[in-house]
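J.: Sharing a structure, written as structure tokens. Questions coming.
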Amino acid sequence: MTLSHCLLLATALFSVGIYGLLTRRQVVAILLSVELMANAANLVFVTFSRFKGGAQGQIFALFSLALTVAEVAVGLALVILLYRTHGDTRVDLASEMKS
Amino acid sequence: MSHAVTLALVALLTPAFAALFLAATPMIRRQGKPAAAITILGSVVSFGAALMLFLDRLHSEGTERLVVPWIHTGGKIAAEAGVHVDGVSASMLAVVCFVALCVQVFSLGYMHDEPPADFGRYFTYHALFLFSMNTLVIAPNLLQLFVGWELVGVTSYLLIGFYFKKPSAAHAAVKAFWVTKFADMGFLFGLLTLFVASGSFGWTAKLDPEVATAVTLLFFLGVVGKSAQFPLHVWLPDAMEGPTPVSALLHAATMVAAGVFLVVRANPLFEQAPTTRTVMLVLGAGTALFAALLAMVQTDIKKVLAYSTCSQLGYMVAALGAGSVFAGFFHLTTHAFFKALLFLAAGSAIHAVHSNEIGQMGGLAKKMPLTAGAFTIGALALAGVPGLSGFFSKDLVLEAVEGKLGSIPYVMLLATAFLTAFYMGKVVVLAFFGTPRSEHAKHAHEPDWSMKLPLVGLAILSVVTGYFAGPFAHLNGSHYHFHLGLGAMVAIGLGLSGLGMAWAMFNKGPREVAAITAIDGIAKSRAVNRFYEYGFRKVTLVLSDLLAWIDRYVVDGLINLLGYKTIEAGRAMRPLQTGFAPDYVLALVVGVASLAAWAVLR
Numbered sequence: 001m002t003l004s005h006c007l008l009l010a011t012a013l014f015s016v017g018i019y020g021l022l023t024r025r026q027v028v029a030i031l032l033s034v035e036l037m038a039n040a041a042n043l044v045f046v047t048f049s050r051f052k053g054g055a056q057g058q059i060f061a062l063f064s065l066a067l068t069v070a071e072v073a074v075g076l077a078l079v080i081l082l083y084r085t086h087g088d089t090r091v092d093l094a095s096e097m098k099s
Numbered sequence: 100m101s102h103a104v105t106l107a108l109v110a111l112l113t114p115a116f117a118a119l120f121l122a123a124t125p126m127i128r129r130q131g132k133p134a135a136a137i138t139i140l141g142s143v144v145s146f147g148a149a150l151m152l153f154l155d156r157l158h159s160e161g162t163e164r165l166v167v168p169w170i171h172t173g174g175k176i177a178a179e180a181g182v183h184v185d186g187v188s189a190s191m192l193a194v195v196c197f198v199a200l201c202v203q204v205f206s207l208g209y210m211h212d213e214p215p216a217d218f219g220r221y222f223t224y225h226a227l228f229l230f231s232m233n234t235l236v237i238a239p240n241l242l243q244l245f246v247g248w249e250l251v252g253v254t255s256y257l258l259i260g261f262y263f264k265k266p267s268a269a270h271a272a273v274k275a276f277w278v279t280k281f282a283d284m285g286f287l288f289g290l291l292t293l294f295v296a297s298g299s300f301g302w303t304a305k306l307d308p309e310v311a312t313a314v315t316l317l318f319f320l321g322v323v324g325k326s327a328q329f330p331l332h333v334w335l336p337d338a339m340e341g342p343t344p345v346s347a348l349l350h351a352a353t354m355v356a357a358g359v360f361l362v363v364r365a366n367p368l369f370e371q372a373p374t375t376r377t378v379m380l381v382l383g384a385g386t387a388l389f390a391a392l393l394a395m396v397q398t399d400i401k402k403v404l405a406y407s408t409c410s411q412l413g414y415m416v417a418a419l420g421a422g423s424v425f426a427g428f429f430h431l432t433t434h435a436f437f438k439a440l441l442f443l444a445a446g447s448a449i450h451a452v453h454s455n456e457i458g459q460m461g462g463l464a465k466k467m468p469l470t471a472g473a474f475t476i477g478a479l480a481l482a483g484v485p486g487l488s489g490f491f492s493k494d495l496v497l498e499a500v501e502g503k504l505g506s507i508p509y510v511m512l513l514a515t516a517f518l519t520a521f522y523m524g525k526v527v528v529l530a531f532f533g534t535p536r537s538e539h540a541k542h543a544h545e546p547d548w549s550m551k552l553p554l555v556g557l558a559i560l561s562v563v564t565g566y567f568a569g570p571f572a573h574l575n576g577s578h579y580h581f582h583l584g585l586g587a588m589v590a591i592g593l594g595l596s597g598l599g600m601a602w603a604m605f606n607k608g609p610r611e612v613a614a615i616t617a618i619d620g621i622a623k624s625r626a627v628n629r630f631y632e633y634g635f636r637k638v639t640l641v642l643s644d645l646l647a648w649i650d651r652y653v654v655d656g657l658i659n660l661l662g663y664k665t666i667e668a669g670r671a672m673r674p675l676q677t678g679f680a681p682d683y684v685l686a687l688v689v690g691v692a693s694l695a696a697w698a699v700l701r
């Protein structure tokens with residue numbers, strides 16, 4: 001398992017995340033896609049920590065996880081709010097800002 | 100501080116304090132009588148100082164000044180403010196303060212029936228006027244003179260419009276203001292030209308001939324407005340809407356003479372501009388004759404005197420144009436006394452008869468001998484009867500003009516002398532002799548002492564001033580010897596025959612005279628006024644409409660177009676905002692990807 005393998009995996013994860021972000025209509029799925037992208041980034045942190053030595057990468061990954069948890073909490077709260085106001089969690093329902 | 104300077108400052112500032120005090124204390128001003136007392140006290144002090152200054156100047160030479168820096172430009176002092184005492188300013192100051200004091204005392208009786216608040220306002224304006232006029236007279240440079248010039252313009256406006264509830268008075272005030280302000284633009288541009296050319300506002304600069312001509316011609320435009328010369332004389336007859344003492348002080352004796360005073364003051368500049376002097380000679384003589392003709396046909400006693408003032412100012416301007424500063428200035432002085440006397444005596448008659456119309460008077464000499472005597476003395480002085488002040492000064496003017504420009508102005512002024520004697524004779528005969536032609540005239544009686552006293556004072560000066568021509572000339576750096584030349588004899592003859600003709604024609608009461616009726620037709624056409632009205636309507640208003648159209652449709656149109664295009668652009672870009680979150684995310688991803696690609700590939 002080399003550095004390139006790990007980075008390729010992270011890129012693949014990130015791409016899957018973007019794909020999900022752009023194509024899903026369910027807000028929960030979009031949130032999951034965002035999680036994938038965040039974890040791809042965490043994977044890059046850990047990878048460089050593993051191959052270049054030092055602990056900063058791992059520490060950053062931990063911080064990032066904590067932030068992601070907070071983000072998910074806010075995101076899910078928004079999902080619940082969307083469900084309450086629109087009766088569903090499809091993202092295209094929330095288009096009141098349209099001109 | 101020298102003695103002379105102190106006196107000048109006292110004369111200048113006492114009325115200023117009186118005016119400021121009355122302006123700041125409405126409680127006192129609205130009581131009327133106390134306000135009059137304060138103003139007159141200020142004028143008494145001012146006149147006392149001016150008289151002492153005049154006597155002091157009689158036996159001391161040179162000029163004295165006290166100035167403080169006023170306007171700084173580029174580290175240099177561009178103009179100073181203060182007092183400048185010499186023969187010219189000292190004699191003018193004494194004349195102004197004396198006439199002002201007489202008029203203010205006269206006003207005590209004349210304005211007696213006004214409500215106290217108006218009475219106080221009237222005297223406050225008078226204090227302000229005296230300060231303004233003294234500022235002008237005592238000015239150490241032409242810029243301060245200009246400030247005084249504008250201040251007397253404002254007080255003139257206030258006093259003409261004193262009965263501002265009367266539309267004709269309000270209109271007359273505005274008209275006087277506009278016409279003189281138009282002329283003052285000339286004065287102002289002249290001042291700026293002078294400053295650019297010589298670097299100061301002094302009147303002693305040596306200029307290039309062309310510049311001197313331009314500056315003095317611009318100054319002369321201001322003079323034409325202020326001293327009511329043709330064609331800007333139209334405001335002066337209308338200014339008679341003001342109270343009669345105001346007409347006596349501002350519109351006969353002092354303020355309108357400010358134009359002449361300016362030429363006297365700035366004589367070193369005018370000396371360098373022969374062209375301007377020629378213009379002055381022609382315009383002055385023309386105005387003298389023109390206004391005298393119009394004075395013949397007026398039925399309102401104040402209007403006669405107003406046109407007569409225009410005419411006499413024309414005499415002064417012609418004398419200055421002929422190069423004789425002393426003749427012009429001396430005629431200004433004597434005219435100030437006898438014309439103020441005429442106006443005040445007319446005011447006394449008007450007060451008794453309750454009308455300005457000569458047709459309502461008649462036979463007043465029996466009821467009010469003092470008024471009649473005063474008016475007659477003034478009229479004889481104005482007509483140039485030998486022995487009275489007007490004779491000496493008019494003779495000087497005629498002597499100065501004689502032989503200039505092929506003697507045409509001289510002949511015009513001689514004709515004016517005849518007409519002057521005729522119309523003054525007519526007024527005296529019709530108003531004071533014969534039989535009363537109205538109820539009020541039958542029961543007319545002399546006014547109280549406050550109106551008699553100034554008449555007596557001015558009458559004495561109207562008689563004797565002529566005999567002080569020698570010292571007066573000395574004071575103004577000139578010489579005077581009396582000699583009875585052929586010209587003077589002709590003038591005397593013309594004056595006496597004018598008076599005689601008036602007596603012969605009118606001693607049986609008013610009657611139609613074909614020549615006068617013909618002139619009346621011309622006067623009634625109001626040609627000059629109508630020219631201005633026509634010009635205003637056809638030029639100013641049309642131009643204003645055009646500019647309004649440009650403003651509305653071109654300037655505003657461009658701004659509106661810009662706003663409209665902005666709105667349209669916004670509307671065109673609205674579809675970009677879909678409100679659909681994945682679209683924004685796509686834009687974000689594309690943007691980030693583009694930035695990343697740029698970062699890698701550059």
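Line order of the protein sequences matches chains G and D. For the first sequence, my numbering gives the first residue as 1, with consecutive numbering after it. For the second sequence, my numbering gives the first residue as 100, with consecutive numbering after it. In this text, a Cβ means the ideal position worked out from N, Cα and C, and glycines have one as well. Values in this document were obtained by computation on a predicted structure and should not be read as measured data.
1) Quick check: G/G57 and G/L36, are their CB atoms within less than 8 angstroms of each other?
2) Return helix, strand or coil for D/E538, following the three-state DSSP convention.
3) Starting from G/Q26, follow its DSSP beta bridges and name the residues at the other end.
4) Taking 7 angstroms as the cut-off, does the CB of D/G219 come closer than this to any heavy atom belonging to the ligand ATP?
5) Please identify the residue among D/A587, D/L157 and D/C201 whose C-alpha is closest to the C-alpha of D/V187.
6) As an exercise, report each continuous beta strand (DSSP E) stretch of at least 3 residues that is fully enclosed by the stretch 216 to 274 of chain D, in chain order.
7) Quick one: list the residues of chain D neighbouring G/I18, beta-carbon separation under 7 angstroms, in chain order.
8) So with Cβ pairs under 8 angstroms, would you call G/L3 a contact of chain D?
9) Here's the rule I'm using: 16 or more other beta-carbon atoms within 10 Å means buried, otherwise exposed. How should D/I137 be labelled?
10) Which of the residues in the stretch 627 to 660 of chain D, read from start to end, lie with their CB under 8 angstroms from any CB of chain G?
11) At 7 angstroms on the CB atoms, spell out the chain G contacts of D/V684, in chain order.
12) With three or more beta-carbon pairs closer than 8 angstroms as the criterion, would you say the stretch 425 to 433 of chain D touches the stretch 582 to 589 of chain D?
13) With DSSP as the reference, identify every bridge partner of D/L388, one or two as the case may be.
14) Using 8 angstroms as the threshold, is the C-beta distance between D/G321 and D/A482 below it?
15) Ends of the beta strand (DSSP E) at D/G181?
16) Taking 8 angstroms as the CB-CB cut-off, is G/D88 touching chain D?
17) Since D/W648 is in the alpha helix (DSSP H), which residue starts that stretch and which ends it?
18) Taking the beta carbon of G/I18 as the centre, do at least 16 other beta carbons fall within 10 Å, making it buried, or is it exposed?
19) What residue range does the alpha helix (DSSP H) around D/P553 cover?
20) Kindly indicate which residue of G/G87, G/T68 and G/F51 has the alpha-carbon position closest to the one of G/L32.
21) Should D/D655 go down as buried or exposed, given a rule of 16 or more other Cβ atoms within 10 Å for buried?
22) Please look up how many angstroms separate the CB atoms of D/K401 and D/S346, rounded, as I've assumed it's under 8 angstroms.
23) Within 10 angstroms of the Cβ of D/S407, are there 16 or more other Cβ atoms? Answer buried if so, exposed if not.
24) Expressed to the nearest angstrom, what Euclidean distance is found between the alpha-carbon atoms of D/A103 and D/P114?
25) I'd like to check one pair, D/S190 with D/L574: are the Cβ atoms closer than 8 angstroms?
26) Note down, in chain order, each residue of its chain lying with its Cβ closer than 6 angstroms to the Cβ of D/S297, except the 5 sequence neighbours on either side.
27) For D/R164, list the residues DSSP reports as bridge partners.
28) Going by C-alpha to C-alpha distance, which of D/I449, D/L513 and D/F490 sits closest to D/A471?
29) Using a C-beta to C-beta distance shorter than 9 angstroms, which residues of chain D count as neighbours of G/V91?
T.: Looking at the atomic coordinates:
1) no
2) It is helical.
3) Note: G/Q26 sits in a beta bridge opposite G/R90.
4) This structure lacks the ligand ATP; in fact it carries no ligand of any kind.
5) D/L157
6) none
7) V688
8) no
9) With 16 or more neighbouring CB atoms inside 10 Å of its own CB, D/I137 falls in the buried class.
10) none
11) L21 and L22
12) Taking a cut-off of 8 angstroms for Cβ pairs, the stretch 425 to 433 of chain D and the stretch 582 to 589 of chain D do not touch, as fewer than three such pairs fall below it.
13) Beta-bridge pairing links D/L388 to no other residue.
14) no
15) K175 to V184
16) no
17) L640 to W648
18) buried
19) Start and end: W548 to V563.
20) G/T68
21) exposed
22) Right, the Cβ-Cβ distance comes to about 6 angstroms (below 8 angstroms), so this counts as a contact.
23) buried
24) 18 angstroms
25) yes
26) A304
27) D/R164 is bridged to D/H183.
28) D/I449
29) F679, A680 and P681
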